[in-house]
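Visitor: I am attaching a structure below and will ask some questions about it afterwards.
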Amino acid sequence: MPHRIVDFSAHNAEVRAVWDAYHRGKPIRVPMILGINPRYLLCETGANALHVDFRTYSEDPDTMFEAQLRFQYWIRHHLMQDADMGIPEQWHVYVDFQNYYESAWFGCPIEYRDGQVPDVRPVFAAEPDRLLSQGAPRPFGGVMGRALEFHARMSDLASERTFYGKPVVANAPSTGLGTDGPFTIACNVLSCDTVCEMMAAEPRRLGRLLDFITDATIERVAAWKDRFRLAYPHDGYGIADDSITLISTAAYREHILPRHRRLFEAFATERGRSIHLCGNAARHFPTIRDELGVMSFDTGFPVDFGRLRAELGPDVQLYGGPSAPFLVEASSDEVRSATLDILRSGVTQGGKFVMREGNNLAPGTPAVNIAAMYEVVREFGYYDARGPQCIQ
233 MPHRIVDFSA HNAEVRAVWD AYHRGKPIRV PMILGINPRY LLCETGANAL
283 HVDFRTYSED PDTMFEAQLR FQYWIRHHLM QDADMGIPEQ WHVYVDFQNY
333 YESAWFGCPI EYRDGQVPDV RPVFAAEPDR LLSQGAPRPF GGVMGRALEF
383 HARMSDLASE RTFYGKPVVA NAPSTGLGTD GPFTIACNVL SCDTVCEMMA
433 AEPRRLGRLL DFITDATIER VAAWKDRFRL AYPHDGYGIA DDSITLISTA
483 AYREHILPRH RRLFEAFATE RGRSIHLCGN AARHFPTIRD ELGVMSFDTG
533 FPVDFGRLRA ELGPDVQLYG GPSAPFLVEA SSDEVRSATL DILRSGVTQG
583 GKFVMREGNN LAPGTPAVNI AAMYEVVREF GYYDARGPQC IQ
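If you want my numbering, it's the position in the sequence shown, counting the first as 1, plus 232.
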């Protein structure tokens, strides 16, 4: 259970009120979320009651199904955030191939490393053009075909199971629907060294490789959306591309921006465009806003939130908070202080800020530190007279 007794009904009612007000554009306080995936849960002793490792989780749909249900139960009874707690009306499971699936789809072997998430080996580093010569992978081939098999099996299991008396639903596989971004995938399959050296010495060659990755990604995502009858372009489309933290804004404009533009043109309306960028990538945000119409940024660290709000203005949605490694190592008093500093930085101007860890909750994060963040948001994150205001 959480470190204190929680009235789930009262908590859930507050959560609904906070999010309803936020989405109406009339926020009553700053919401707080947590980015939690099985990387945290498989490595967190209390959450991993089945003692599952990543290899078993990633290669057996029955294990993935069962582990996700237990993980959700654990999250809903231990971690404080602006999300429903307790038993839901229905549980959701999904195909989870983490961040390796795109690079594996392009032909990189998956490697399982003790205590770490699965990763891939950049097998095209020595011969980059071999990526082109092998041709684009089929949208439902390789690891993507395995995703379909997992989805079918998890759907069958869901139709037969309840969990704590509630039905289970298998979501459409997000594994085939998203992308970690063309530059990040290039770094994964070719290696960061190869990509950056090519950017400096052979930009046209790199351009051909980036176009190949972008073309294949668009073809795959379109095929998956068609298969699951998901209309596009649609509101709220977003991408990631963490590795652009490695390059200058001038290099981003020349080499990556045109490929990002193609992704948004293929799948996004003008409404609700978003991007996730871990690392020190804030220098790119004004360009991404102005050139791509992105108005929602999910940040990592380091981030100067006051400066970022001043640069982007009050109409841009920002997600962020204390860094993930800080939350592992700091005391709860230090977490309270850091969270309060962010609330008072100016980032809440405009009412479009969501507190979260920056970015993706790390194994070993004390639950008391998460609770400390949430307590500060609930105490000091109000925009009106209900509590101490976050706008000074």
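C-beta: ideal position from N, C-alpha, C; glycine also.
Fair warning: this is a prediction, and the values are worked out from it, not measured in the lab.
Across the region 456-466 and the region 427-441, are there enough close Cβ pairs to call them in contact, namely three or more that are closer than 8 Å?
Guide: No, they do not touch.
Visitor: What are the residues that DSSP puts in a beta bridge with Phe585?
Guide: Leu550, per the DSSP bridge assignment.
Visitor: Distance check for Gly583 and Met233, CA to CA, integer angstroms please.
Guide: Note on Met233: pLDDT 41, under 50, position unreliable in the model; the coordinate value appears next. Approximately 32 Å, taken between the alpha carbons.
Visitor: To which residues of the same chain is Pro293 closer than 7 Å at the C-beta, ignoring the five residues directly before and after it?
Guide: Only Phe382, Arg385, Met386 meet the Cβ criterion.
Visitor: How long is the line joining the alpha carbons of Ala500 and Ile479, rounded to whole angstroms?
Guide: Computed Cα separation, rounded: 25 Å.
Visitor: Leaving out five residues on either side along the sequence, give the residues of the same chain with a beta carbon under 7 Å from the beta carbon of Tyr289.
Guide: Only Pro270, Leu274, Thr295, Met296, Ala299 meet the Cβ criterion.
Visitor: Closest to Ala351 by C-alpha separation, out of Ser335, Gln366, Leu364, would be which residue?
Guide: Note on identity: in this sequence residue 351 is Asp, with Ala being the wrong assignment. Among Ser335, Gln366, Leu364, the Cα nearest to that of Asp351 belongs to Ser335.
Visitor: Please report the distance separating the alpha-carbon of Phe240 from that of Met527.
Guide: Their backbone Cα atoms lie some 33 Å apart in a straight line.
Visitor: Whole angstroms are fine: how far does the CA of Tyr551 sit from the CA of Asp412?
Guide: For Asp412 and Tyr551, the distance between alpha carbons rounds to 18 Å.
Visitor: Count the other CB atoms, across all protein chains shown, that sit within 10 Å of the CB of Lys457; report buried if there are 16 or more and exposed otherwise.
Guide: Lys457 comes out buried.
Visitor: Taking C-alpha atoms, which residue in Arg302, Phe612, Arg588 lies nearest to Met312?
Guide: The option with the nearest alpha carbon to Met312 is Arg588.
Visitor: Is any non-hydrogen atom of the ligand NAP found closer than 7 Å to the C-beta of Arg385, if you look at the structure I gave you?
Guide: In terms of ligand content, the structure shown is empty, and the ligand NAP therefore cannot be addressed.
Visitor: Just to check my reading of the structure: Asp545 and Gly511 have Cβ atoms closer than 8 Å, yes? What is that Cβ distance to the nearest angstrom?
Guide: Residue 545 is actually Gly in this sequence, not Asp. At roughly 23 Å, the Cβ-Cβ gap does not stay under 8 Å, so Gly545 and Gly511 are not in contact.
Visitor: Mind reading off the beta-carbon distance from Ile260 to Tyr484? Whole number of angstroms is fine, and I expect it under 8 Å.
Guide: With a Cβ gap of about 37 Å, Ile260 and Tyr484 do not count as contacting.
Visitor: Please report the distance separating the alpha-carbon of Leu266 from that of Ala472.
Guide: Distance between the alpha carbons of Leu266 and Ala472: 18 Å.
Visitor: CB-CB under 8 Å to His235, same chain, minus the five flanking residues each way: which ones, in chain order?
Guide: With a pLDDT of only 49 at His235, under 50, the local geometry of the prediction cannot be trusted, and no value is derived from it.
Visitor: Roughly how many angstroms separate the alpha carbons of Arg629 and Asp447, rounded to a whole number?
Guide: Outside the modelled stretch of the chain, which goes from 233 to 624, sits residue 629, for which no answer is possible.
Visitor: Pop quiz: Ile450 and Leu495 are said to be a contact at Cβ under 8 Å. What is the actual Cβ separation, rounded to whole angstroms?
Guide: That belief holds up - the Cβ atoms of Ile450 and Leu495 are roughly 7 Å apart, short of 8 Å.
Visitor: DSSP three-state call for Pro234: helix, strand or coil?
Guide: The pLDDT assigned to Pro234 is 48, lower than 50, so where the model puts this residue is not dependable, and the model offers no usable value.
Visitor: Exposed or buried, what is Ser365 when buried is set at 16 or more other beta-carbons lying within 10 Å of its beta-carbon?
Guide: Ser365 is exposed by the Cβ-count criterion.
Visitor: Which stretch, first to last residue, makes up the alpha helix (DSSP H) that contains Leu495?
Guide: Per DSSP, Leu495 belongs to the alpha helix (DSSP H) from 489-499.
Visitor: Quick check: the Cα distance between Leu540 and Gly590, rounded to an integer number of angstroms?
Guide: One C-alpha to the other measures close to 15 Å.
Visitor: Should Glu392 go down as buried or exposed, given a rule of 16 or more other Cβ atoms within 10 Å for buried?
Guide: That one is exposed.
Visitor: Taking the beta strand (DSSP E) that Thr531 falls in, what are its first and last residues?
Guide: That run of the beta strand (DSSP E) goes 528-531.
Visitor: For Ile476 and Asn331, what's the separation of their Cα atoms in angstroms?
Guide: If I take the Cα positions, the gap works out to 16 Å.
Visitor: My assumption, with CB atoms under 8 Å, is that Leu409 sits in contact with Val453. Please give the rounded CB distance.
Guide: Between Val453 and Leu409 the Cβ distance is about 6 Å, and since that is below 8 Å, they are a contact.
Visitor: Tell me which residue opens and which closes the alpha helix (DSSP H) that His309 is part of.
Guide: 293-310 is the span of the alpha helix (DSSP H), which, as asked, contains His309.
Visitor: Verify whether the separation of the beta carbon atoms of His492 and Leu524 is less than 8 Å.
Guide: Closer than 8 Å, so yes.
Visitor: Can you pull the DSSP bridge partners for Ser555?
Guide: Per DSSP, Gly590.
Visitor: Among the candidates Tyr272, Arg256, Ala242, whose CA atom is the shortest distance from the CA of Asn592?
Guide: Comparing Cα positions, the closest option is Tyr272.
Visitor: Can you name the start and end residues of the alpha helix (DSSP H) that Leu509 belongs to?
Guide: Here Leu509 belongs to no alpha helix (DSSP H); instead the beta strand (DSSP E) covers 506-509.
Visitor: Taking the alpha carbon of Thr519 as the point to measure from, which residue in Ile342, Phe537, Leu489, Val548 has its own alpha carbon closest?
Guide: Nearest of Ile342, Phe537, Leu489, Val548 to Thr519, Cα basis: Leu489.
Visitor: For Thr580 and Val262, I'd like the C-alpha separation in whole angstroms.
Guide: Cα to Cα, Thr580 sits roughly 8 Å from Val262.
Visitor: Between which two residues does the beta strand (DSSP E) holding Met399 run?
Guide: A small fix is needed here, since residue 399 is Pro in this sequence, not Met. Looking at the DSSP string, the run of the beta strand (DSSP E) that includes Pro399 is 398-402.
Visitor: Compute the distance between the beta-carbons of Phe329 and Thr407, then report whether it is under 8 Å.
Guide: It is a contact, given that the beta carbons lie within the stated cut-off.
Visitor: Taking Cβ to Cβ, would you say Ser372 is nearer than 8 Å to Ala455?
Guide: Reading the sequence as shown, one finds Phe at residue 372 and not Ser. The answer is yes: Cβ separation under 8 Å.
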